[in-house]
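Below is one structure, written out as structure tokens; comments come after it.
2 protein chains.
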Amino acid sequence: MRRHLLLTIQYRGTRYHGFQVQKNALSVAQVLQDAVERVFGERLDVKGCSRTDAGVHANRFALTLRTNAAISCPAVTRALNVNLPDDIAVLGCREVPEDFHPRYSCKGKRYIYKIWNAQVKNVFLSDLALHWKYPLNTERMNESAQAFLGAHDFAAFCSAGGKKEDTIRVVTKASVIRQGEMVQFSVTGNGFLYNMVRIMVGTLLEISRGAISPDSIPAILESRMRSMAGPTAPPHGLYLDEVFYDEADLFEEK
Amino acid sequence: MRRHLLLTIQYRGTRYHGFQVQKNALSVAQVLQDAVERVFGERLDVKGCSRTDAGVHANRFALTLRTNAAISCPAVTRALNVNLPDDIAVLGCREVPEDFHPRYSCKGKRYIYKIWNAQVKNVFLSDLALHWKYPLNTERMNESAQAFLGAHDFAAFCSAGGKKEDTIRVVTKASVIRQGEMVQFSVTGNGFLYNMVRIMVGTLLEISRGAISPDSIPAILESRMRSMAGPTAPPHGLYLDEVFYDEADLFEEK
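From first to last, the protein sequence lines stand for chains A and B.
Following the numbering used here, the residues of the first sequence are numbered contiguously, the last one being 254.
Following the numbering used here, the residues of the second sequence are numbered contiguously, the last one being 254.
See below:
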């Protein structure tokens, strides 16, 4: 019987050129397919909920694969984890309907961006958070980030490589929170353009240091010009934190 | 003028064979001496507060060096950090009296041992915490750990390689605390024998799973036999967390 499995995985992106299989570069999907091949005895295609750039991490990432193998979901999780390297873990496995698609069925995502804000770097977080030496005005950043809320044309927050026809997205939550020396930007929305979160972070960092005015985000959005926003923050602070689906889409009719 | 500098550093031990310089193996001291040579223009000996095994980390580690260079302490910190790799950081620098010794002047140390206690590994902590799949009875571990308190002969908690004449040490604090899926053993004492903390952890893990009785630590201590205690826990969960000195020993008379 043909089965459609949804795997939730976690990965540290440091060694990988993103999720998607690449020519001449190691990807999360390739390493995962290698493990799948060892467990299922056949090389299976995997579909991811998103690309993700080199160096970007995922606390939760969703992908699907199709197989005839009769292995139970808990056994799939255990067997894959035994066959995966230290930096990729399977958190869960479930069966989903035939027409489920990890990308097109997705109703929203949450990203977080971690900034280690202290004079001296943190040796344990060198590839897991951006190190920012200068004091950050997190209250100002948090207030400014509220302007992202709602439905906007985010063309100004999209890198050239990924320009799409439709650049309108809905952001439902955005916050900048400090816990000691760790500053975290969190943003939830129905979808994200190429580099959108990293450009948001780059813009908030410019706002913190006064290079961009705190109330200028509406004007930047309105401009639709990439050059009006701040620089693209480096990938290693970024985490795909959660992928949201409608519960109804996840249940196989029996 | 001859100056005696105390540096406080932090390092991720994953790449290193401990602090101490080794033949044919990379050490923290060697990499630090390379950076010191670039900053001070001369290769200087460094004295550490402790060895530390391969893979062991340090949140705070103290070391000293002697130089005639007139560079200010804040400038030493900045310049060394520019010249150090991502996994070693200088947290501070101060002048200390001529007769100060990072090891012999030391009044105590605190170690912590991190255990990621969840069915699935944490991809962000693969080299920073021991992964323990099975439920841990942290209350039982914490209660048992209280038997370490006081002055005891810790010969049973000492690996053969480091056997010393005097195996009596004073432990002043010991606790096992859970925060979500992270379990942390913390122990403070006037000194520690070779592998002492890792054998304590190995013993507490055996106590959690019932292989060693929770009230048997006094008898293990009394036996002075290494074979009575649990196995040596792996190095990558261990952190030298703090090194204590008498404030009076740290101040240069002017």
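All C-beta atoms in this analysis are idealised placements derived from N, C-alpha and C, irrespective of residue type, glycine included.
Computed from a predicted model, the values in this text were never measured in an experiment.
With a cut-off of 9 Å, does the C-beta of Asn190/A fall near any C-beta of chain B?
By 1-based counting over the first sequence, the position of residue 190/A is 190. By this cut-off, Asn190/A is not an interface position.
Inset, instruction - From the DSSP output, in three-state form, read off Val90/A for me. - result: For this step, residue 90/A is matched to residue 90 along the first sequence. Val90/A falls in the strand class under three-state DSSP.
**Request:** For Lys23/A, count neighbouring C-beta atoms within 10 Å of its own C-beta (all shown protein chains included) and say buried if the count is 16 or more, exposed if not.
**Result:** Residue 23/A sits at position 23 when you count from the first residue of the first sequence. Lys23/A comes out exposed.
Of all Cβ atoms in chain B, is any one closer than 9 Å to the Cβ of Asn117/A?
-> Stepping through the first sequence from its first residue, residue 117/A is reached at position 117. Chain B contact via Cβ: absent.
Alpha carbon of Gly108/B to alpha carbon of Lys114/A, nearest angstrom
As a working note, residue 108/B is residue 108 in the second sequence. As a working note, residue 114/A is residue 114 in the first sequence. Their Cα atoms are separated by approximately 34 Å.
Near Ala118/B, what residues of its chain come up, given a Cβ to Cβ distance below 6 Å and the 5 sequence neighbours on each side ignored?
The count along the second sequence starts at 1 and reaches residue 118/B at position 118. Hits under 6 Å: Glu181.
Contact set between Asp296/B and chain A, taken where Cβ atoms lie within less than 9 Å:
A query on residue 296/B cannot be resolved here, the shown segment of chain B reaching from 1 to 254 and no further.
Can you name the start and end residues of the alpha helix (DSSP H) that Cys49/A belongs to?
Looking up residue 49/A in the first sequence gives position 49. Taken as a continuous stretch (DSSP letters only), Cys49/A belongs to no alpha helix (DSSP H), as it is neither H nor E.
field: Val39/B vs Ile71/B beta-carbon contact at 9 Å
entry: In the second sequence, counting from the first residue as 1, residue 39/B sits at position 39. In the second sequence, counting from the first residue as 1, residue 71/B sits at position 71. For Val39/B and Ile71/B, yes; Cβs fall inside 9 Å.
Check your understanding: Run through DSSP, which three-state label would Gln10/B get?
Key -> The residue you call residue 10/B lines up with position 10 of the second sequence. Assigned with DSSP and collapsed to three states, Gln10/B falls in strand.
| request: For Arg2/B, verify whether its CB is less than 8 Å away from any heavy atom of the ligand ADP. | output: With respect to the ligand ADP, the structure shown offers nothing to examine, as it has no ligands at all.
Is Leu240/A near Arg66/A, with beta carbons less than 9 Å apart?
Taking the first sequence and counting its residues from 1, one reaches residue 240/A at position 240. Taking the first sequence and counting its residues from 1, one reaches residue 66/A at position 66. For Leu240/A and Arg66/A, no; Cβs fall outside 9 Å.
Using CA atoms only, rank isn't needed, just tell me which of Ile177/A, Glu222/A and Asn190/A is closest to Val201/A.
Against the first sequence, residue 201/A aligns to sequence position 201. Among Ile177/A, Glu222/A and Asn190/A, the Cα nearest to that of Val201/A belongs to Ile177/A.
* Proximal residues, the region 1-18 of chain A versus chain B, C-beta separation under 8 Å -> Cβ contacts with chain B come from Gln10, Tyr11 and Arg12.
Checklist entry - Would DSSP call Ala70/B helix, strand or coil? => result Residue 70/B sits at position 70 when you count from the first residue of the second sequence. If DSSP states are grouped into helix, strand and coil, Ala70/B belongs with coil.
Note to self: Output needed for Gly18/A: all residues of its chain with C-beta closer than 8 Å, excluding positions within five of it in sequence on either side, in chain order.
What the structure shows: The residue labelled residue 18/A in the question sits at position 18 within the first sequence. Cβ within range, chain order: Ser27, Val28, Arg51, Thr52, Asp53, Ala54 and Val56.
Mark Leu125/A as exposed unless 16 or more other C-beta atoms lie within 10 angstroms of its C-beta, in which case mark it buried.
For the purposes of this step, residue 125/A is taken as the residue at position 125 of the first sequence. Leu125/A comes out buried.
Within-9 Å CB hit, Thr167/A to chain B: Here residue 167/A refers to the residue found at position 167 of the first sequence. No, its Cβ sits nowhere closer than 9 Å to a Cβ of chain B.
Helix, strand or coil for Met182/A, going by three-state DSSP, please let me know. Residue numbering aside, residue 182/A sits at position 182 when the first sequence is read from its first letter. DSSP places Met182/A in strand when its eight states are reduced to three.
- Identify, in the order they occur along the chain, each residue of the same chain with its Cβ nearer than 7 Å to the Cβ of Cys49/A, setting aside the five sequence neighbours on each side. For this step, residue 49/A is matched to residue 49 along the first sequence. Excluding sequence neighbours, Cys49/A sits near Phe61, Ala62, Leu63, Pro102, Arg103, Cys106 and Val243.
Output, in sequence order along the chain, the residues in the region 87-115 of chain B whose CB is closer than 9 Å to any CB in chain A. Asp87, Ile88, Ala89, Val90, Leu91 and Gly92
_Just checking: is the beta-carbon of Leu238/A within a distance shorter than 9 Å of some beta-carbon in chain B?_
Numbered from 1 along the first sequence, position 238 holds the residue referred to as residue 238/A. Chain B contact via Cβ: absent.
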